[in-house]
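One structure is given here, and the rest of the page talks about it.
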Amino acid sequence: MKTQCRFLSEDEQLKIHERSIKILEEVGVKFLSEKALKIMEKNGASVDKKEKLAKIPREMVDQALS
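Counting in the numbering used here, the sequence shown runs without a single skipped number right up to 978 at its last residue.
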């Protein structure tokens, strides 16, 4: 028998997930690797090569998590 311990409610987990998605979409993630930026862009992220920043759309995150 497995014992599970939950620190967050499902609602709290959903709020964290939604806010994380918002950050990925609106603020983005800085990648120092040109190769990583190319991969992100190829897979649907909006990439600012000068700033080395990738804004990752919800669909891309959903696909990665499925």
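Backbone N, C-alpha and C fix where the C-beta goes; we use that ideal spot for every residue, glycine too.
- request: Write down every uninterrupted run of the alpha helix (DSSP H) in the stretch 914 to 957 whose length is 4 residues or greater and which is fully enclosed by it, in chain order.
  value: 922 to 938, 946 to 954
- request: Going by DSSP, name the residue or residues bridged to V959.
  value: A966
- prompt: Is it the case that the CB of K962 approaches a heavy atom of the ligand MG more closely than 8 Å?
  reply: In the structure on display, the ligand MG does not appear, and there are no ligands present to speak of.
task: Leaving out five residues on either side along the sequence, give the residues of the same chain with a beta carbon under 7 Å from the beta carbon of H929.
output: none
message: For R970 and M913, what's the separation of their Cα atoms in angstroms?
response: 36 Å
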